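Chains as they are written, first to last, in numbering that gives the first Met the number 0: chain A, 0 to 299; chain B, 0 to 332.
Data block below; observations after.
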Amino acid sequence: MQFACEQCGASVDFAGVSSAACPYCASPSVVERAPAPGRALPSFVLAFTSDEARARTTLGTFLGRRRWFSDGAIARAQVSGLRGVYVPAYLYSAVARTTYSASIGEHYEETEETTSTDASGKTTTSTRTVTRTEHCPLAGLHVGYVTDVVVSGSAGLGDDELQRVEPFDLRQLRRHAPAIISGWIAEDFARDQAACLARSRTEAMDSIGTRLRRFMPGDNHSDLTWSTRLEWEGMEPILVPMWIAAARYHEDKPPLRVVINGQTGAVHGEIPISWLRVVLAVLLLVGLGAAIYVLTRHGR
Amino acid sequence: MSAVPAVALAPCGRCASPLEAGDLRCAVCALPAPPVMTMVAADHARVLRCRECNAAIAFSPAVQAPRCAFCGSVMEVEQPVDPVEEARIRVPFAVPREEASAALRTWLASRGWFAPRALAAEAVLDSLAPLYWAGWIVDARVAVTWTADSNAGSGRSAWAPHAGQFETQCANLVIPASRGLTMRECSQLAGSYDLARAVPLDAARDEGAGEGSPLGSVIESFDAQRSAARALVHDAIEALAKIRAEPHIPGSRFRNIHVSCLVDAQATERAALPAWVMAYRYRDKAYRAVIHGQRAGVVIGKAPLDATKVAFLILAGCTLLAVIAILVLTRHR
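Right, dumping it as structure tokens:
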């Protein structure tokens, strides 16, 4: 998709994004779109609270951190293209009505008598208190709101990566306005809305599971099963701020992608494991074990 | 709740709770507020320009608004709203100063056997200040699901699990937001206010305020932002649901009560509630008492103990224990 730059008239490519800078005059342009069926337009935006300098510091600290089994070259990685991107996401909420059943464990104490006979044939009886568990079935209803479920609507950034840098402070939501994304890259919604809804429901179910485990009475529980009906579902398109960087640590390997939450500074990157270090550590452990074994045998 | 018209916009479509100015989402169920439609005729790209120098501008995280890189001017944009809470209504005083002072004397005289006999006569009133303390008044319908352990149906263990559900109404639930008064003081005061007499905060002090309305009373600030306030209100509703779940639990003993609430049509009002705060001195030691601003009979405070009487009681208890021990030992011999 191409539009003419309002500043210099040059043609600016807006493929997959709704905000870009003109390559000739560097003017930050924002695409304003008319509502159309099947095209999600963001309702809310979480603005960036950290600038590039702070993001670079966070990135440097993350890459320089000592890790036992990571590739040592990571600390010397060349960072290229640190970019602030407004990533499209959906904010899901619903009313959840859940029926559940579980086996609830209730502790009780019993006094046990034990009789033992020593070498001389003397019999001694002693008592001790033992804690046992009685299991009782329980079934019921749980109701509540599921709120603040954020799933990615981006083609480039998956839910797993987004989840690693969550949560966002959703109290800072603002209505979408071109002024908030001006000068930044704002990615268009690319993932299928139905797939995002399915993913939101999965995350909602996980959240209900966590709540149900806390909701159970007794001293412990097992066999918890539940079935949830989600009603009044709402899924709002939003933009969330992310710093995205590629760190090249080896010429033959793909660069490491690091994402930083543009609001909280939470950082994530799949640090590659150095198998050489793992093998060395295993060999060291085996050697140490063998040495202890030999020393013990000689000691006897 | 009050005669004051609510600030609310259209209520939330999901839970019917009123939305307030600046709310982008419902505070109870998180459903987004209806969008403000902006008409865009056709897709186009545009450059946002500085009003001062006409240069292109970009959003700056430092100022949380678009800022011109050339002249430094900042463009005003809608900011997230999370204001510090402020009282909107006031429940007027109905207890005048003289009645409050007399209520303290009556209260001091009725402190029981452990209080010094001369307390009412010798206590010196240091100060008597009218105060409006901060509190939220909440109305809501709540569907509550609960689980708990109780002794009903128990087998080898003393406990058996139970679950249930009920609906309840929170009507004029007063949730303290005061930093000056203690939670105990606020909880005891909260139940006795005539909230139907509430007037707007900016109404003249004597307007519908009754003859006890004192001048120069301090109005305590809430000291909490709207988002924090809503979390506190939600916690208070859950705490109330736990108490109201108790009669639904079978058996005579229970533990591990868990509740999950579905709150509906929650309306929250910020109120200033009247109380007299008194400082009195007894034999060079200061004590505080709080008197309800509408019912002089409700007094909460601390009173000194008579050390001689306490010592006498301890001595008597010890003597009694010693006598019992001697008797038991003598019998066993």
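From the three backbone atoms N, C-alpha and C, an ideal C-beta is built for every residue, glycine too.
All values reported here derive from a predicted model rather than from experimental measurement.
Residue i versus residue j: straight-line alpha-carbon distance, rounded
| i | j | result |
| --- | --- | --- |
| T123 (chain A) | T113 (chain A) | 8 Å |
| R131 (chain A) | I218 (chain B) | 57 Å |
| H249 (chain A) | S273 (chain A) | 12 Å |
| R163 (chain A) | V266 (chain A) | 8 Å |
| I313 (chain B) | A26 (chain B) | 54 Å |
| E230 (chain A) | L287 (chain A) | 60 Å |
| V78 (chain A) | Y144 (chain A) | 42 Å |
| G179 (chain B) | V150 (chain A) | 43 Å |
| N219 (chain A) | L304 (chain B) | 47 Å |
| D81 (chain B) | R96 (chain A) | 31 Å |
| E5 (chain A) | P41 (chain A) | 23 Å |
| V232 (chain B) | V148 (chain A) | 22 Å |
| A101 (chain A) | T209 (chain A) | 14 Å |
| E165 (chain A) | P129 (chain B) | 47 Å |
| A2 (chain B) | R228 (chain A) | Note on A2 (chain B): pLDDT 42, under 50, position unreliable in the model; the coordinate value appears next. Computed Cα separation, rounded: 39 Å. |
| A74 (chain A) | G80 (chain A) | 17 Å |
| S16 (chain B) | G104 (chain A) | 39 Å |
| G21 (chain B) | R170 (chain A) | 11 Å |
| A176 (chain B) | R96 (chain B) | 25 Å |
| T329 (chain B) | A315 (chain B) | 21 Å |
| L282 (chain A) | H297 (chain A) | 22 Å |
| W183 (chain A) | P65 (chain B) | 11 Å |
| A271 (chain B) | R173 (chain A) | 31 Å |
| I174 (chain B) | T181 (chain B) | 12 Å |
| G190 (chain B) | I325 (chain B) | 51 Å |
Minimum C-alpha distance to residue i - residue among the options
| i | options | result |
| --- | --- | --- |
| A238 (chain B) | B:S259, B:F92 and B:I136 | B:S259 |
| K308 (chain B) | B:H331, B:G111, B:P246 and B:R252 | B:G111 |
| L334 (chain B) | B:R330, B:A321, B:A230 and B:M277 | A query on residue 334 (chain B) cannot be resolved here, the shown segment of chain B reaching from 0 to 332 and no further. |
| A176 (chain A) | B:N53, B:E75, B:L319 and B:L194 | B:E75 |
| Q1 (chain A) | B:L30, B:P34 and B:H43 | B:H43 |
| G268 (chain A) | A:R247, A:D251, A:E111 and A:V285 | A:R247 |
| D168 (chain A) | A:P254, A:G59 and A:L238 | A:L238 |
| V94 (chain A) | A:P166, A:E232 and A:V11 | A:E232 |
| A54 (chain A) | A:W242, A:L294, A:G182 and A:D159 | A:W242 |
| D125 (chain B) | B:S216, B:K284, B:F221 and B:T181 | B:K284 |
| C7 (chain A) | A:G217, A:A20 and A:E133 | A:A20 |
| L156 (chain A) | A:V257, A:A118, A:G71 and A:A35 | A:V257 |
| C28 (chain B) | B:R66, B:V141 and B:N53 | B:V141 |
| R254 (chain B) | B:P160, B:P31, B:L118 and B:C70 | B:P160 |
| G264 (chain A) | A:F13, A:A14 and A:T48 | A:T48 |
| P34 (chain B) | A:G217, A:P236 and A:A72 | A:P236 |
| Q192 (chain A) | A:A14, A:G37, A:I270 and A:S18 | A:G37 |
CB contact flag (residue i, residue j, <7 Å)
| i | j | result |
| --- | --- | --- |
| D50 (chain A) | P91 (chain B) | no |
| M337 (chain A) | Y89 (chain A) | Residue 337 (chain A) cannot be examined here, being either before or after the span of chain A that is shown, 0 to 299. |
| A86 (chain B) | I248 (chain B) | no |
| G163 (chain B) | W145 (chain B) | yes |
| W225 (chain A) | Y99 (chain A) | yes |
| A274 (chain B) | W132 (chain B) | yes |
| L47 (chain B) | A189 (chain A) | no |
| P87 (chain A) | E186 (chain A) | yes |
| A223 (chain B) | I88 (chain B) | no |
| R269 (chain B) | E84 (chain B) | yes |
| D356 (chain B) | C11 (chain B) | The question about residue 356 (chain B) has no answer, for chain B in this structure spans 0 to 332. |
| E51 (chain B) | S72 (chain B) | yes |
| V11 (chain A) | S28 (chain A) | yes |
Buried or exposed (CB count within 10 angstroms, at least 16 for buried), residue i
| i | result |
| --- | --- |
| Q265 (chain B) | buried |
| L62 (chain A) | buried |
| S310 (chain A) | Outside the shown range of chain A, which is 0 to 299, sits residue 310 (chain A), and nothing can be said about it. |
| D222 (chain A) | exposed |
| N260 (chain A) | buried |
| R225 (chain B) | buried |
| D193 (chain B) | exposed |
| Y279 (chain B) | buried |
| H257 (chain B) | buried |
| G211 (chain B) | Because the pLDDT of G211 (chain B) is 47, which lies under 50, any placement of that residue in the model is unreliable, and the question is left without a value. |
| A55 (chain B) | buried |
| S149 (chain B) | buried |
| E166 (chain B) | exposed |
| W67 (chain A) | exposed |
| T128 (chain A) | exposed |
CB contact below 7 Å: residue i versus chain D
| i | result |
| --- | --- |
| L137 (chain A) | Absence of chain D from the displayed structure is noted, the protein chains being A and B. |
Any non-hydrogen atom of the ligand NAD closer than 6 Å to residue i Cβ
| i | result |
| --- | --- |
| I272 (chain A) | Among the components of this structure there are no ligands whatsoever, and the ligand NAD is therefore not found. |
Indicate whether the contact test is met: 3 or more Cβ pairs, each with one atom in the segment 281 to 292 of chain B and one in the segment 99 to 119 of chain B, closer than 8 Å.
-> Per the Cβ contact rule, the segment 281 to 292 of chain B is in contact with the segment 99 to 119 of chain B (3 or more Cβ pairs under 8 Å).
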